[in-house]
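This report refers to the structure that appears directly beneath it.
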Amino acid sequence: MSPKRPHTLRPVRHALQQLFIHYYDADGTERLLPADQAADVRFETCLPARDIPSYAGQKHTPGFYWAASSDTVLEYESFLEARWMKLLDFDANVACFAAQPFIFEGIDADGPWTHYPDLFVRRTDGSVLLLDVKNPEQVDKPKVQSQARRTATACQRLGWNYQMVGEPDPQLWATVEWLAGYRRPLNAAAPITDILLFRAQHPVTIRELLSLWPEPQLERAVTYHLMWHHRLLFDLTRPLRDHTRVWAAPTLEHA
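Residue numbers (my numbering): 2 to 256.
Below, the structure is given as structure tokens:
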């Protein structure tokens, strides 16, 4: 687990409607700045702002996730948070994301408040999404609702999007969880991609796509890899089966 990070910097709170962001840059230097200056910070490169506890008997299930989108290892606090990391990693509109990126430290009409957002997301168009992952059983609690309201207000002020999420859509999650097993870079199997993409210039089922090979175990794995990286497109709203139809995406940078 990462070393403890003592929070030594504190804003001077002497007026209402103050908002600061407290974070550690890529070099581990502790920073504090007015939230209005947040657009100049690449929070996706910053170190986590807090240590995630790990101890025997705890209810949460912390661990580590390797993000293919940025080739980084991120620490998560629960299996539910890990699911959302995997969904973000799969999302073609997401460039990269970071966990526990900073601390909001503010004061509003209801008094002082602090909050550690769970996930900072940088989309491919440069826009920002902040995610808080909550157990659905906790979402309606007044404390959680108050935190969500304050965080949403802060994000609106910064021009960011904000969502509090619980369990993901079961169908989408089942597909993404399966394909995630094939997200790592191709090595010796890379030449097979050209054959598969050529055969998928028009929609074709996975079974038809693999029919060229009598025992297509390797080619099947490459097919799923191309689907994870959106080089083979398909209908995400339907279960993934051999009769799923796939087709080559318009020219993209190779994964």
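By construction, the Cβ of each residue, glycine as well, lies at the ideal position given by its N, Cα and C atoms.
In the structure shown, R232 adopts coil according to DSSP, grouped into three states. Looking only at K60, E31, A36, A57, the smallest Cα-Cα distance to L48 is reached by E31. For T115 and E106, the gap between their C-alpha atoms comes out near 5 angstroms. When DSSP states are grouped into helix, strand and coil, R124 belongs to the strand group.
Taking one beta carbon from each stretch, the segment 216 to 236 and the segment 192 to 202 have 3 or more pairs nearer than 8 angstroms; the two touch. Secondary structure at T154: helix, using DSSP grouped into helix, strand and coil. Selection T46, E45, F65 evaluated against P54 yields F65 as nearest (Cα-Cα). Excluding sequence positions up to five before and after L210, its CB lies within less than 7 angstroms of the CB of L197, R200, A201, T224, V247, all in the same chain and listed in chain order. Going by beta carbons, P169 and W85 fall inside the 9 angstroms limit. Counting along the chain, no beta strand (DSSP E) covers T176; the unbroken alpha helix (DSSP H) around it starts and ends at 171 to 181. With fewer than 16 other Cβ atoms from the protein chains shown falling within 10 Å of its own Cβ, K144 counts as exposed.
A residue is called buried once 16 or more other Cβ atoms fall within 10 Å of its Cβ, and H23 is buried on that count. Excluding sequence positions up to five before and after D243, its CB lies within less than 8 angstroms of the CB of T206, I207, R208, all in the same chain and listed in chain order.
According to DSSP, D133 shares a beta bridge with M165. Remark: C-beta atoms of V134 and D119 approach each other more closely than 9 angstroms.
Assignment of E78 by DSSP, reduced to helix, strand and coil, places it in the coil class. Residue environment analysis places A189 among the exposed positions, since fewer than 16 neighbouring C-beta atoms fall within 10 angstroms of its C-beta. Separation of the CB atoms of G160 and N136 is rounded to 29 angstroms, and the pair is thereby denied contact status at 8 angstroms. Q148 counts as buried, since at least 16 other C-beta atoms from the protein chains shown sit within 10 angstroms of its C-beta. In this chain, the beta strand (DSSP E) harbouring T115 covers 112 to 116. Counting only the Cα atoms, G127 lies some 10 angstroms from N94. By the neighbour-count criterion, in which 16 or more other beta carbons inside 10 Å mark a residue as buried, V177 falls on the buried side. For T238, the closest of D109, Y183, Y163, L173 by C-alpha to C-alpha distance is L173.
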